[in-house]
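So the structure is just underneath, and the comments pick up after that.
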């Protein structure tokens, strides 16, 4: 059945092309899926006549570019294809990060022996690069950032420990690598807060807050004229439905036939539907911006609380138990 679907989609695109109406495969496939909801237009594998009728109906719909309902369909397709919720976006970001760092992490975890001092140095550099990439706090290609990461790492993990590290089971190596990443990231964030480091670390809270403010304003700018359009078409449709007769002067001046008037009414209803759908999408965007603003505020409050605890832990002390610092530094980045 999937082969038949693909073949029908291809024919729809070609038919539209012949009629000088370029249509994407995605839009043709999307409309074909919608038509399947109507039992009249169900695909039948060996029924050429029935499938030809489906193609004809869809091509007719796609080639009528003046119909607002086509805008509705394009909006639905675009939103379904391009707009993802927060969890899915985070998942995709982590997947890209894993694809980027996976080979290097695997190389580190699969190393079981360091033959020379040169091998040890190269191995240590790989660990520095992975820690920098996974933390998202700068680029390992910038020497000053790599030096800062190295200093932070050396405070908790010396190069001399690598000989023991490579003998650990693969799973333990990976777990320890993730722990070191959290500790180093926490140390760098703390140093940045103390204004004693933080090379290459963007002021993410400020960037996010500025971006959210601009996004909110942009969305509101879209919503205001759209609502004016919605109210306008709502009034037109309501007046048409509630009117029992057509104003004679309008009929004379416009010289429209009853059939033309019906088309205009249908067009107004479709425009109202399209505008309402746009409103739904824009309000969803606005709702997501507001949720993001609340999430950023919560995360900022949590970060400030953890940094305060870390400052309180190290204040006026020359030596601090590792356990105390470890808990607070790792909490800073989680």
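Residue numbers (this note's numbering): 6 to 339. Positions of the beta carbon are idealized from the N, C-alpha and C atoms, including for glycine. Note that this is a predicted model, so its numbers are computed, not measured.
>> So for residue 177, helix, strand or coil by DSSP?
In response: In the chain shown, residue 177 corresponds to position 172, counting from 1. In this structure, residue 177 counts as helix in the three-state DSSP scheme.
> Can you list, in chain order, the residues of its chain whose CB lies under 7 Å from that of residue 274, leaving out five sequence neighbours each side?
Replying inline: Within the chain shown, residue 274 is the residue found at index 269, counting from 1. Within the same chain, 242 come within 7 Å of residue 274 by CB-CB distance, once the 5 residues on both sides are set aside.
>> Between the alpha carbons of residue 97 and residue 103, how many angstroms are there, rounded?
In response: As a working note, residue 97 is residue 92 in the chain shown. As a working note, residue 103 is residue 98 in the chain shown. Rounded to whole angstroms, the separation of the alpha carbons of residue 103 and residue 97 is 10 Å.
> Do you know how far the Cα of residue 212 is from the Cα of residue 44?
Replying inline: Here the question's residue 44 lines up with position 39 in the chain shown. Here the question's residue 212 lines up with position 207 in the chain shown. When rounded, the distance between both Cα atoms is 51 Å.
> In whole angstroms, what separates the C-alpha of residue 198 from that of residue 163?
Replying inline: Counting from 1 along the chain shown, the entry for residue 198 is found at position 193. Counting from 1 along the chain shown, the entry for residue 163 is found at position 158. Taking the straight line from one Cα to the other gives about 25 Å.
> Smallest Cα separation from residue 268: which of 305, 73, 217 and 136?
Replying inline: Walking along the chain shown from the start, residue 268 turns up at place 263. Of 305, 73, 217 and 136, the residue nearest in Cα terms is 73.
>> Taking the beta carbon of residue 310 as the centre, do at least 16 other beta carbons fall within 10 Å, making it buried, or is it exposed?
In response: Here residue 310 refers to the residue found at position 305 of the chain shown. Exposed: under 16 other Cβ atoms inside 10 Å.
>> On the CB-based measure, 16 or more other CB atoms within 10 Å of its CB, does residue 216 come out buried or exposed?
In response: Here residue 216 corresponds to residue number 211 of the chain shown, with the count starting at 1. Classification of residue 216: exposed, given that the 10 Å Cβ count is below 16.
> Which residue comes first and which comes last in the alpha helix (DSSP H) that contains residue 35?
Replying inline: Within the chain shown, residue 35 is the residue found at index 30, counting from 1. Start and end: 30-40.
> Does the beta-carbon of residue 91 have 16 or more other beta-carbons within 10 angstroms, so that it is buried, or is it exposed?
Replying inline: For the purposes of this step, residue 91 is taken as the residue at position 86 of the chain shown. Exposed is the call here.
> At what residue ranges does the stretch 118-145 contain a whole run of the beta strand (DSSP E), taking only runs of 3 or more?
Replying inline: none
>> Check whether the stretch 180-200 and the stretch 128-146 touch, using three or more Cβ-Cβ pairs below 8 Å as the test.
In response: yes
> Contact check, residue 2 vs residue 78 under 8 Å by CB: the rounded distance?
Replying inline: The chain is shown only over 6 to 339; residue 2 falls outside these bounds and no answer can be derived.
> With respect to the alpha helix (DSSP H) encompassing residue 56, which residues constitute its N-terminal and C-terminal limits?
Replying inline: By one-based count along the chain shown, residue 56 stands at place 51. Taken as a continuous stretch (DSSP letters only), the alpha helix (DSSP H) holding residue 56 covers 53-68.
> Between which two residues does the alpha helix (DSSP H) carrying residue 232 extend?
Replying inline: Here residue 232 refers to the residue found at position 227 of the chain shown. That run of the alpha helix (DSSP H) goes 209-247.
>> Residues in the same chain with beta-carbon distance under 8 Å from residue 134, minus the five sequence neighbours each way, listed in chain order, please.
In response: The count along the chain shown starts at 1 and reaches residue 134 at position 129. The answer, listed in chain order, is 109, 145 and 151.
> Do the stretch 9-29 and the stretch 54-65 make contact, defined as three or more Cβ pairs closer than 8 Å?
Replying inline: The stretch 9-29 vs the stretch 54-65: in contact.
>> Quick check: the stretch 172-179 against the stretch 222-240, are at least 3 beta-carbon pairs closer than 8 Å?
In response: no
>> Please return the same chain residues whose Cβ sits closer than 8 Å to the Cβ of residue 84, not counting the five positions on each side in sequence.
In response: What you label residue 84 is simply residue 79 of the chain shown in a count that begins at 1. These residues qualify, in order along the chain: 286.
> Out of curiosity, what's the CA-to-CA distance linking residue 315 and residue 302?
Replying inline: Counted from its first residue, the chain shown places residue 315 at position 310. Counted from its first residue, the chain shown places residue 302 at position 297. Roughly 20 Å separates the two Cα atoms.
> Can you list, in chain order, the residues of its chain whose CB lies under 8 Å from that of residue 228, leaving out five sequence neighbours each side?
Replying inline: On the chain shown, position 223 is the one that residue 228 refers to. 284, 287, 288 and 291, listed in sequence order.
> In its own chain, which residues sit with a C-beta less than 8 Å from the C-beta of residue 13, not counting the 5 before and 5 after it?
Replying inline: As a working mapping, residue 13 is identified with position 8 in the chain shown. So the qualifying residues of the chain are 37, 48, 56, 59 and 60.
>> Please classify residue 113 as buried or exposed, where buried requires at least 16 other C-beta atoms within 10 Å of its C-beta.
In response: What you label residue 113 is simply residue 108 of the chain shown in a count that begins at 1. Residue 113 should be labelled buried.
> For residue 186, does the three-state DSSP call read helix, strand or coil?
Replying inline: Position 181 of the chain shown, counted from the first residue, corresponds to residue 186. Three-state DSSP puts residue 186 in a helix.
> Ends of the alpha helix (DSSP H) at residue 152?
Replying inline: By one-based count along the chain shown, residue 152 stands at place 147. That run of the alpha helix (DSSP H) goes 148-159.
> Alpha carbon to alpha carbon, what distance is there between residue 218 and residue 93?
Replying inline: Along the chain shown, one-based indexing puts residue 93 at 88. Along the chain shown, one-based indexing puts residue 218 at 213. Approximately 23 Å between the Cα atoms of the pair.
> Mapping DSSP to helix, strand and coil, what is residue 5?
Replying inline: Residue 5 lies beyond the stretch modelled for the chain, which goes from 6 to 339, so this question has no answer here.
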